[in-house]
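Please read the structure below before turning to the comments.
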Amino acid sequence: MADFNNKSILITGGTGSFGNQFVRYLLDNYSPKKIIIYSRDELKQFEMQQRFSQPCMRYFIGDVRDKERIKTAMKDVDYVVHAAALKQVPAAEYNPNECIKTNINGAQNVIDAAIFNNVSRIVALSTDKAANPVNLYGATKLASDKLFVAANNISGATGPRFSVVRYGNVVGSRGSVVPFYRKLLQEGESSLPVTHPEMTRFWITLDEGVQFVVKSFSRMQGGEVFVPKIPSVRIVDLVEAMSGKKDYHVIGIRPGEKLHEIMVPEEMAHHTVEFDDHFVIAPAITFFDKNLDYFHNKLGEKGVPSKSKFEYHSGTNSHFLSVDELKELDKVTL
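For the sequence shown, position 50 (counting from the first letter as 1) is numbered 50 according to full-length UniProt numbering, and the numbering increases by one without interruption.
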C-alpha cells in the first residue's frame, strides 16, 4: 500500500464530504508530514479546523481556477487528490461557463501545478456521469479525465504520474439524495419525491470511496481510470428503506439527469481490464513508456480483458442492494 507516513498530501476541494473522510483515514492510519486542505470557502475551513487541528494540518484558501495560488500551495507536496468540482447537475446546466472554469480549466491548473512542483502521484476524482455524458457536468468531468490521462505524456518519463478514480453516487455526501430525504422525513413528509420510478444509481459509501482511492495510489502506473465494482440501487427501494413505506410522488427527470448511469461504456470495452474488485480503463493513447502493462498493477494484482461489448451499467448491474441491505447500511448515513 502507498505509504503516507512523513509525506505531504494536498486535497483540492478538501472541505467536502470526501475530504473530511480522507483526512480522518490518514490521521487514523498514518503520520503524515502535512495534510493541506485547499478550498475556497473560509467558513467550511473554519468548521473543519474544529474537527482537525493536528499539527500536520494546513488550510489554504484558494480556488483551482487560480493557477498561481495552486502552484504555491503544492510546493514540496508528494501526493495530490483532486476532489474540487462543481457537481450539481441542474446548476451546471444553468451556469455552464462556471462549471467549465472549475472542472476543466481548474483541472488543467492542478496538472500544471503538479508538474511545476514535481509532485509524485496525483489521483483525480471523477464520476459515472463522465461516461457517455448527457449533461454539462458529465461532459466537463470527461474532459477533465482526458486531461489527467494525457498529463502523463506532458510530465514525461520521470515526472508526476496522474490517474483517475471514477465511481457512482456517494451515500450521504453533501447535496445528495440521502440527506435530502432524511431532511424531508424529519420535517414530517409522508411522500418522498422521485424523479422517475425506474431510476437506478451506482452506490458507494464514503469509507469505501476513500479506501478505493488509497488503494489506487498503490496500484497506479499512470493513465488509468480506476472503476470499483459496486452495487446499484433502485430509487424506489431507497424510498422504502428510508421511510419504511413505498409512498412517493414523481416530479420528473431534472435538466441533464439520466435514468441510469454508466461507468464503463461499451465503446471502451476493448480498453478495459477486469480485476477481482475493480476495472481499469487503460488509456487509448500511447505514453512515453510503451511497455506499460495495465494487466498487472503495482500491487501485483493481475487482470483479464473485459468481455466483448461489455458495459458497466447501473440498470443491468449484477448486484443490486435490496431494501433490507439498504437498511443495514451505516445507520448514521441512512
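Glycine is no exception: its CB is placed at the ideal position from the N, C-alpha and C atoms.
Work out the CA separation of residue j and residue i for me, nearest whole Å.
{"i": "M268", "j": "V210", "result": "25 Å"}
{"i": "D145", "j": "I37", "result": "22 Å"}
{"i": "I35", "j": "G156", "result": "27 Å"}
{"i": "N152", "j": "D207", "result": "28 Å"}
{"i": "V119", "j": "G14", "result": "18 Å"}
{"i": "E47", "j": "R40", "result": "13 Å"}
{"i": "F116", "j": "G175", "result": "34 Å"}
{"i": "D3", "j": "D247", "result": "48 Å"}
{"i": "S314", "j": "E189", "result": "28 Å"}
{"i": "L334", "j": "T12", "result": "Note that L334 scores a pLDDT of 49, beneath 50, so its modelled location is shaky; the value from the coordinates is reported in the next line. Computed Cα separation, rounded: 27 Å."}
{"i": "Q54", "j": "F279", "result": "36 Å"}
{"i": "V77", "j": "T205", "result": "28 Å"}
{"i": "C99", "j": "C56", "result": "32 Å"}
{"i": "A150", "j": "F320", "result": "34 Å"}
{"i": "D63", "j": "R69", "result": "8 Å"}
{"i": "F110", "j": "E261", "result": "Note that residue 110 corresponds to Val in the displayed sequence, not to Phe. Those two C-alpha atoms are separated by around 27 Å."}
{"i": "D237", "j": "K75", "result": "47 Å"}
{"i": "K7", "j": "K33", "result": "5 Å"}
{"i": "G138", "j": "V170", "result": "16 Å"}
Between which two residues does the alpha helix (DSSP H) containing residue i stretch?
{"i": "residue 338", "result": "Residue 338 lies beyond the residue range present for the chain, which begins at 1 and ends at 334; the question has no answer from this structure."}
{"i": "K44", "result": "42 to 51"}
{"i": "T94", "result": "The question names Thr, but residue 94 in the sequence shown is Tyr. Note, Y94: alpha helix (DSSP H), 89 to 94."}
{"i": "Y38", "result": "Taken as a continuous stretch (DSSP letters only), Y38 belongs to no alpha helix (DSSP H), being part of the beta strand (DSSP E) at 34 to 39."}
{"i": "M242", "result": "235 to 243"}
{"i": "T200", "result": "That residue, T200, is in no alpha helix (DSSP H); its beta strand (DSSP E) goes 200 to 204."}
{"i": "S17", "result": "17 to 29"}
{"i": "V64", "result": "V64 -> no alpha helix (DSSP H), and no H or E assigned at all."}
{"i": "L326", "result": "323 to 328"}
{"i": "I104", "result": "Looking at the DSSP string, I104 is not in any alpha helix (DSSP H), and its letter there is neither H nor E."}
Would you please state the rounded distance, in angstroms, between the beta carbons of residue i and residue j? I believe it to be under 8 Å.
{"i": "V233", "j": "R201", "result": "6 Å"}
{"i": "A73", "j": "L147", "result": "Actually they are not in contact, since the Cβ atoms of A73 and L147 sit about 19 Å apart, beyond 8 Å."}
{"i": "G168", "j": "D128", "result": "5 Å"}
{"i": "R161", "j": "G222", "result": "4 Å"}
{"i": "Y294", "j": "V264", "result": "With a Cβ gap of about 14 Å, Y294 and V264 do not count as contacting."}
For the beta strand (DSSP E) containing residue i, list its first residue and its last residue.
{"i": "L125", "result": "121 to 125"}
{"i": "E274", "result": "272 to 274"}
{"i": "F288", "result": "Here F288 belongs to no beta strand (DSSP E), and DSSP marks it neither H nor E."}
{"i": "Y248", "result": "248 to 250"}
{"i": "S173", "result": "Premise fails: S173 is in no beta strand (DSSP E) and is neither H nor E."}
Within the present structure, is the beta-carbon of residue i separated from the nearest heavy atom of the ligand COA by less than 8 Å?
{"i": "D63", "result": "Among the components of this structure there are no ligands whatsoever, and the ligand COA is therefore not found."}
For residue i, which option in the options has the closest C-alpha, if you only look at C-alpha atoms?
{"i": "K71", "options": "G106, V239, S190", "result": "G106"}
{"i": "E257", "options": "A130, S190, S243, T102", "result": "A130"}
{"i": "T140", "options": "V177, P96, F4, N109", "result": "P96"}
{"i": "S218", "options": "W203, M242, H296", "result": "H296"}
{"i": "V194", "options": "H249, T158, S318", "result": "H249"}
{"i": "K44", "options": "S31, Y59, K33", "result": "Y59"}
{"i": "Q21", "options": "V323, F275, V214", "result": "V214"}
{"i": "K245", "options": "Q49, L125, V323", "result": "V323"}
{"i": "A91", "options": "L136, I154, A124, K33", "result": "L136"}
{"i": "L142", "options": "R121, P179, I154, N103", "result": "N103"}
{"i": "F275", "options": "T286, K302, I251, F288", "result": "K302"}
{"i": "L326", "options": "S216, P231, Y30", "result": "P231"}
{"i": "V239", "options": "R24, D277, E198", "result": "E198"}
{"i": "S243", "options": "V178, Y25, G252, I122", "result": "V178"}
How should residue i be labelled, buried or exposed, when 16 other C-beta atoms within 10 angstroms of its C-beta is the threshold for buried?
{"i": "R254", "result": "exposed"}
{"i": "A284", "result": "exposed"}
{"i": "Y312", "result": "buried"}
{"i": "L86", "result": "buried"}
{"i": "I251", "result": "exposed"}
{"i": "I281", "result": "buried"}
Say whether chain C places a C-beta atom closer than 9 Å to the C-beta of residue i.
{"i": "K44", "result": "Absent from the structure: chain C. Only one protein chain is present."}
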